[in-house]
Amino acid sequence: MDHRFQVSLRGVIDLLSHHLYSSPGVYVRELLQNATDAIRARQQLEPQAPGAVGLELREKQDGGPPTLLFTDAGVGLTEEEIHRFLATIGESSKREQLEARRNDFIGQFGIGLLSCFMVCDELLVVTRSAKGDGRTLEWRGRHDGTYDVRVSEHPLDAPGTHVYLVARADMVEWFTPERVRQLAKHYGGLLPFPVRLTVDGRTETLNPDGPPWRRFYETAGDRRQALLAYGREVFGTDFLDVIPLRSEAGDVDGVAYVLPASPHFNAKQKHRVYLKQMLLSESAENLLPEWAFFVKCVVNANGLRPTASRESFYEDTVLAKAREALGQSLRKYLVDLANDDPRSLQRLIALHGLSVKGLALDDDDFYRLVIHWLPFETSLGVMTLADYRRSWPVVRYTPTLDGFRQVARVAGAQGLCVLNAAYTHDTALLEKLPHVVPEAQVAPFSSADLPQSFEELTLDEREAIYPLLRLAERVLAPFRCGVEVKKFFPAEVPTLYSSDAEGAFKRDAERAREESDDLYAGVLDGVMAGTGGQDRALLCLNLHNPVVRRLAAVEGRELLKLSVEMLYVQALLLGQHPLNAQEMALLNHGLLGLISARLDEGGGGGGGGSSGPGSRGMH
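Every position in the sequence shown, counted from 1, becomes a number in our numbering once 45 is added.
Laid out in structure tokens, this is it:
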């Protein structure tokens, strides 16, 4: 034996009000939508039929709750359609025609009228069908799920529908003139049919102008100013610029506004979207490509499919194609700026560089247009890639911030320009350069490359520094660090610690092993065993530095050893390298040793700073 589902209308209404619709005010949207669809349906039968939607707010003289009357000159309903569409949840009068004429109607789900029960306990629908026998019928539905249908004692003069809503006592706030006007303009301000509100015998048209991007303007400047003013009205923001949007897929058109400040790169802009010129959502997030977070848009779509709540669009192939086409509109705007107004493009990049970089990674043509306008931090200051390539044929970059900090000061002092590519997308953009611009040369740079640019010592300088070099090699051998002496700038930097990528990895792995339990330490031992045993680190002493030059003249081996150890630790710290346990012990031992040596020197009455008989000067 088959049984039917039992549906609780009160439960469905609770579901709508708390989980499907954003607020009770959507009842105005649903009634506007039904009226608009009815008008479109009648115009399919009678192309010359007039279309208008009326709202009339009636206040009761006895102070009772107000009544809101919705009227339309649409197709109306027959008695069979009343039973089928008004009393069956999920049944839509548009469904049969939807596949053939999807763009004609807004509603698809057959639940819109139920939203009215969020604000009233009873609905009265008076309707006369353009296809029926000329009778005017009344449908009275109640929130408990009961309804009745009868022939009206007050027949309508022409086909159409009147809907009467009496405000529930706790919902009167949604029936004030100000609230009804605001809701009707909010949802129906762009509808192609006049929407008129009557209060106290006075009638006003709420949508006289239609979409502002479709209006005629005398000049392009007038159009831009009008659309910027519209954006200010809609979003409450003074935008930098306005961009036309158009997509054949989904039949989408509208405008995008360039934000005056850069949002967080993970931020998703919320857009205002209309479906067949009825407001669908003010918080749609899936309409534009992810990289387009530098704009907010207002668009109308005739061919996209709404969700059941009609507050967003379904993810399908049509939406994907529309998103791609709208992205192309934004791309064209940026391309035009690059060609016609590069200063404006530079200002936009300064504000929204991350979006521009993201688009450049995805689009080779756009990459060619903007890559040389992008600013980069370098060891010689901020400059565009075009400025860089005019002076240096090879684009040298560091992929990490620590790597840039290790080389920036010294590289700049040698006249080397190194890019900091640690910021989002920068490394990928630079690595892409030779693939898109064939003559370009790009190379990663690290502290291990710096000594190649330093000045070599003269023969006399090598002889004078030899004892210091030999001792330093013995002192640093346990740390697998070689030693060189060269001359470089700035002179106040006494040393430079450098290692290649493999050496830096081994150093980090060794420090992690020291801080790990036995199991993880064993894993790290296995990893390090495969990296080879060559010494990769180098400590380069700077003979331009006065301290290093004085060390070359010191004969006291213990003081010299302590000084080399301290210079090694200082070079690690200046290069942003965390100290391992052995190096931390070296730091503590060296500090105490230097303090002790200084105290001994002071106690001997040597006067502290003079060169004793055990030193040979190098000045």
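Glycine included, C-beta positions come from ideal geometry on N, C-alpha and C.
Item to check | Buried or exposed by the 16-neighbour rule on C-beta atoms within 10 Å, applied to Y319 | outcome: Label assigned to Y319: buried.
Checklist entry - Per the contact definition of three or more C-beta pairs closer than 8 Å, is the region 87-96 in contact with the region 163-182? => result Yes: the two stretches touch, three or more of their Cβ pairs being nearer than 8 Å.
Item to check | Chain-order list of residues whose beta-carbon lies under 6 Å from that of L596 (same chain, five-residue window excluded) | outcome: These residues qualify, in order along the chain: L513, S608.
Checklist entry - Got a sec? Which residues, its chain only, sit under 6 Å from K313 by beta carbon, not counting five neighbours each side? => result Correct list, in chain order: E330.
Checklist entry - How many Å lie between A294 and Q322 at the Cα? => result Cα-Cα distance, rounded: 17 Å.
Item to check | Helix, strand or coil at H207 according to DSSP, with G and I counted as helix | outcome: Strand at H207.
Checklist entry - Between A301 and V481, what straight-line distance do the alpha-carbon atoms span, to the nearest angstrom? => result Approximately 29 Å, taken between the alpha carbons.
Item to check | Run of the alpha helix (DSSP H) containing Q486, from where it starts to where it stops | outcome: It is not in any alpha helix (DSSP H) - Q486 instead sits in the beta strand (DSSP E) that spans 486-489.
Next on the checklist: Which residue wins for smallest C-alpha separation from G276, given the options A265, Y262, L430, P256?
Outcome noted: G276 has its Cα closest to that of P256, out of A265, Y262, L430, P256.
Next on the checklist: Please give the ranges of any beta strand (DSSP E) in the region 219-275, keeping only runs that are unbroken, at least 3 residues long and fully inside the region.
Outcome noted: With a minimum length of 3 residues, the continuous beta strand (DSSP E) runs that stay inside the region 219-275 are 240-244, 247-250.
Item to check | Buried versus exposed, by CB contacts within 10 Å (16 or more), E125 | outcome: Looking at its Cβ environment, which holds fewer than 16 other Cβ atoms inside 10 Å, E125 is exposed.
Item to check | Reference D494, options V599, Y468, A453, closest by Cα | outcome: Comparing alpha-carbon positions, the option among V599, Y468, A453 lying closest to D494 turns out to be A453.
Checklist entry - So, do the region 93-111 and the region 242-261 have three or more beta carbon pairs nearer to each other than 8 Å? => result Touching, per the Cβ criterion.
Checklist entry - Can you list, in chain order, the residues of its chain whose CB lies under 8 Å from that of N384, leaving out five sequence neighbours each side? => result The residues L414, in chain order, have a CB closer than 8 Å to that of N384 in the same chain once the five nearest residues on each side in sequence are set aside.
Item to check | Sequence-distant residues of its chain with Cβ nearer than 8 Å to V196 (five each side left out) | outcome: Only residues of its own chain outside the window of five on either side were considered, and among them R180, T181, L182, E183 have a CB closer than 8 Å to the CB of V196, listed in chain order.
Checklist entry - Does the pairing of the region 506-526 with the region 613-632 give three or more beta-carbon distances under 8 Å? => result Below 8 Å, enough C-beta pairs join the region 506-526 and the region 613-632 to call them touching: three or more.
Checklist entry - For S544, does the three-state DSSP call read helix, strand or coil? => result Coil, per DSSP.
Next on the checklist: Just to confirm, is the Cβ distance from D296 to A346 under 8 Å?
Outcome noted: The answer is yes: Cβ separation under 8 Å.
Checklist entry - Bridge partners of P323, per DSSP? => result One point to set straight first is that residue 323 is Met, not Pro, in the sequence displayed. Within the DSSP secondary-structure output, M323 pairs in a beta bridge with L320.
Checklist entry - If L474 sits next to I394, beta carbons under 8 Å apart, how far is it from one beta carbon to the other, in whole angstroms? => result In this structure L474 is not in contact with I394, their Cβ atoms being roughly 12 Å apart against a cut-off of 8 Å.
Item to check | Whole-angstrom distance between G299 and T443, CA atom to CA atom | outcome: In a straight line, the C-alpha of T443 is about 42 Å away from that of G299.
Checklist entry - By Cβ distance, which residues of its chain are closer than 8 Å to V340, with the 5 residues on each side in sequence left out? => result Around V340, the same chain offers I288, A301, Y302, V303, L304, Q314, L333, L375 as residues with beta carbons nearer than 8 Å, after the five sequence neighbours per side are excluded.
Next on the checklist: Check whether the region 457-469 and the region 629-645 are in contact - that is, three or more C-beta pairs closer than 8 Å.
Outcome noted: Short answer: they don't touch.
Checklist entry - What residue from D545, S544, T503 has the CA that sits closest to V530's CA? => result The option with the nearest alpha carbon to V530 is T503.
Item to check | Three-state secondary structure assigned by DSSP to S374 | outcome: Looking at S374 - three-state DSSP - the assignment turns out to be helix.
Checklist entry - So P289 is in the alpha helix (DSSP H); what residue range does that whole segment cover? => result For P289, there is no enclosing alpha helix (DSSP H); the enclosing beta strand (DSSP E) has its first and last residue at 286-292.
Item to check | Y359 - containing alpha helix (DSSP H), residue span | outcome: Segment: none, Y359 is in no alpha helix (DSSP H) and carries neither H nor E.
Checklist entry - With a Cβ-Cβ cutoff of 8 Å, do Y613 and L584 count as a contact? => result Closer than 8 Å, so yes.
Next on the checklist: Give me, in chain order, the residues of the same chain whose beta-carbon lies closer than 6 Å to that of D407; leave out the 5 immediate sequence neighbours on both sides.
Outcome noted: Apart from sequence neighbours up to five positions away, no residue of its chain approaches D407 with a beta-carbon distance below 6 Å.
Item to check | Those runs of the alpha helix (DSSP H) which lie wholly inside the region 477-520 and span at least 4 residues | outcome: Runs found: none.
Checklist entry - Looking only at C-alpha atoms, which of L290, V401, T362 sits nearest to F338? => result Nearest of L290, V401, T362 to F338, Cα basis: V401.
Checklist entry - What residues in its chain sit with their C-beta under 6 Å from that of L122, if we drop five residues either side in the sequence? => result Cβ within range, chain order: T172, S174.
Checklist entry - Going by other Cβ atoms of all chains shown within 10 Å of its Cβ, with 16 needed for buried, is F220 buried or exposed? => result In the assembly as shown, F220 is a buried residue. Its beta-carbon has 16 or more other beta-carbons within 10 Å.
Checklist entry - S328 by DSSP, collapsed to three states: which one? => result Taken through DSSP and simplified to helix, strand or coil, S328 comes out as strand.
Next on the checklist: Tell me which residues share the same chain as F490 and place their Cβ nearer than 7 Å to its Cβ, disregarding the 5 neighbours each side in the sequence.
Outcome noted: For F490, where only same-chain residues beyond five positions count, the Cβ hits under 7 Å are R441, Y442, T443, V452, V463.
Item to check | Given W437 as reference, the closest of A274, F449, S424, D447 once Cα atoms are compared | outcome: Put simply, of A274, F449, S424, D447 the residue whose alpha carbon is nearest the alpha carbon of W437 is S424.
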